[in-house]
Structures are given as structure tokens and as C-alpha cells.
Amino acid sequence: MRFLILFLLSTSFLFAQSVPQTFTTTKSPADAGFSADRLKRLDSWLQDLIDKDIAPNAVTFVAHKGKIVHYKAFGYSNLAKKTPLKRDDLYRIASQSKAITTVTLMTLFEEEKFLLDDPISKYIPAFKNPKVLVTYDKKDPTGGTYATRPAKSEITIRQLLSHNAGLPYEHPLDQRPEFNVPFFNSTAPDKLEDVINKLAKRPLLRDPGTDSTGAGFTYGLNIDIIGRLIEILSGKPFDVAMRERVLEPLGMNDTYFYLPDSKASRLVELYSKSSMDKPLTLHTNETYRILPRPEQKRFFQVEPD
């Protein structure tokens, strides 16, 4: 279990909205058509997970037609200090960033800036004429020989969005200098453009698209490429485009790549659980735990052009 972050959300993206939805609290769940007794079962279930050391904390938010019927915090933001979790504490959302990135891209689709089946090389030429890895020296992937062949087709934007482009996270040849790509915890001064152009040099693990057997899904760095595409189509840095197009219109004022100093104290500690019979412990990867904190941002800053 990589991230023990439990939360229940009921949200709706309404792209035509110019202002974020507002919520009011109901006097009783029945006013919004909910059963108070059933909501109490939700309370007891979540509290049981915490009491049994299965989850460190949880926040629930249940709303219907703008009326909040259940909004509570359970557990602790820091187990060692027994710091009670607050409803507005902040969580790392990890790969849920992919959903927000995708929504950002689709605002550009609504503006007819691209087609889903456009080849990504139309916008990022480094992806032109992709190759597929055929064989490599498993005993010496860093310095041994390897062979590739031309891919049967170009990578499309649709395939990137659905992780059908043949691009993995961990690549068999990723330690070779020519294929080494700075990962999310890198302190290298690479901009997103630099990282994506390096990524484009890697051979794919399979041909883009899904074959007749249904195979083709390869979870990987696809949405990182989408982030760069957003920069190209919008003419703005990725984080700026995301904030202007999605976060600010939806009132997501507590969503950041790096927390500002004023909100750093609201970030919950990160825990993991290796198996159900093991206790919750601090996540073993310290980078996961400290990455969003404001003091880490200095390692990733690049001087402006």
C-alpha cells in the first residue's frame, strides 16, 4: 500500500462555470434526502479503520445540490504527536494530479487547439519516428547492447491520456546516459521541456495503441508529456496554465505543486503500511514525505531566461 490516504469526495466539474460552486451546511441530513443513521455508519466505519491502525486519518465531504450533509475529520495528522486531523489539513494527491492535468488539457481541446488523435510529434517534434525496444542485455542494461525497431505508428495524444503509448515509469535502459531522465525527486536544473525531450529519446516498450488482445496499457510518464503539451498550446508554464484554467475557476485555492510557507503546517505526515499485519509507519521514502514542503522548492528552482 503505497499511500494510506483515505478520503471520500463528491465533486462535479462544470466546465461552463465562471465561478466556483458554493456550499451551505444543512440543518439535518434529512433536509438533503440523506439518512442520519446511515451517515453514522460511515463515521463508525472510518473510526474503526483508525482504531485498528489500518489508516492514520480520513476526511469526508458529502454534499448534494450544494448542501453539505457530512464533513468530518478522523484520526491524526501526526501519529507520534497525536495531532488531531483538521478538516482543512492538506494531503499529497500524488497521481491524482493526472486528473487535474487532463482537465487542464481538455480546456484547450474545447478551444480547438488540438485533436485527440493528433500525433504528439506535431507539437513536440522530438517524438517523431518512435522506436520500440526489441532486446537488451539484461545482465548489463547500462552498458550492454540493445536492439530496436521502428514503431508501427506515431504516438497520439489520446494514447498518452489513456496510457497506451508504450511509455513506462521504470525503463530497462533508464540508467544509460542517453536515456536517463530526471525523475520527480531530481535536483537537476532541467525544465519540463528538457525532461520531455530527453524522454522522447527512449525506445517504447510496445507499439502505441491497444492490440487485438486488448494489451497495450503501460502506466508511465504519459501525463508528464501532456504537461509539456499544455505549455506549448497555452503559451504559459504548466503550473500557471493549470492554475488559471482549472484551480482558480473551481476555487481550488489549497492545491499547489509546492505549498507556500503560510500553509506548510497544514500538510499531514505521510505513512505507509507494508501489510495488514504490520503497523503504520512513516513512509520509508523520505522524498515522498518532504517534497511538497516549501523549503524543498529551492532545489527545483531554475533561473529565468
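Residue numbers (mature numbering (1 follows the signal peptide of the UniProt record, and there is no 0)): -16 to -1, 1 to 289. Backbone N, C-alpha and C fix where the C-beta goes; we use that ideal spot for every residue, glycine too.
Neighbourhood of residue i by C-beta, 7 Å cutoff - its chain only, sequence neighbours within 5 removed
i    : result
P152 : L189, T202, G204
V286 : Residue placement at V286 is poorly supported in this model, since its pLDDT is 36, which falls under 50; the coordinates still yield a value, given next. Excluding sequence neighbours, V286 sits near P173, K175.
K185 : E162, F163
R250 : D72, D73, L74
T67  : Y60, S61
Q159 : P125, T126
6 Å Cβ shell around residue i - same chain, five flanking residues per side excluded
i    : result
L264 : D37, P40, Y255, K257
K70  : A57
I108 : none
E253 : N62
I207 : K82, T85
K112 : S105
L89  : I210, I214
P13  : A20, L23, V53
K65  : none
Those residues which DSSP pairs with residue i across a bridge
i    : result
L188 : V116
T140 : P103
L251 : L74
S256 : T265
T8   : K51
Integer-rounded CB distance, given that residue j should sit under 8 Å from residue i
i    : j    : result
I139 : P103 : 7 Å
T119 : A135 : Their Cβ separation, rounded to whole angstroms, is 16 Å, which puts T119 and A135 out of contact at 8 Å.
D191 : G150 : 6 Å
L144 : I209 : 6 Å
R142 : E177 : Contact flag wrong, Cβ pair sits at about 22 Å.
P166 : P125 : P166 to P125, Cβ: 19 Å. No contact.
Host alpha helix (DSSP H) of residue i (start-end)
i    : result
N212 : For the record, residue 212 in the displayed sequence is Arg; it is not Asn. Unbroken alpha helix (DSSP H) run through R212: 206 to 218.
N181 : 176 to 183
A225 : 222 to 226
Delimiting residues of the beta strand (DSSP E) encompassing residue i
i    : result
A131 : 130 to 134
Cutoff 8 Å; reference residue i; Cβ partners in own chain excluding five residues on either side
i      : result
F18    : V46, H48, V53, H54
L(-11) : Confidence is the limiting factor: at L(-11) the pLDDT is only 35, short of 50, which leaves the residue's position unreliable, though a coordinate-based value still follows. Result list for L(-11): L30, L33, A39, N41, A42, in chain order.
L(-3)  : In this prediction, L(-3) scores a pLDDT of 37, lower than 50, which makes its location untrustworthy; no coordinate-derived value is stated.
K115   : T132, R133, P134, A135, P187, L188
K51    : F7, T8, T9, T10, D15, A16
N237   : L231
Minimum length 3: unbroken beta strand (DSSP E) runs contained in the region 17 to 93
41 to 48, 51 to 62
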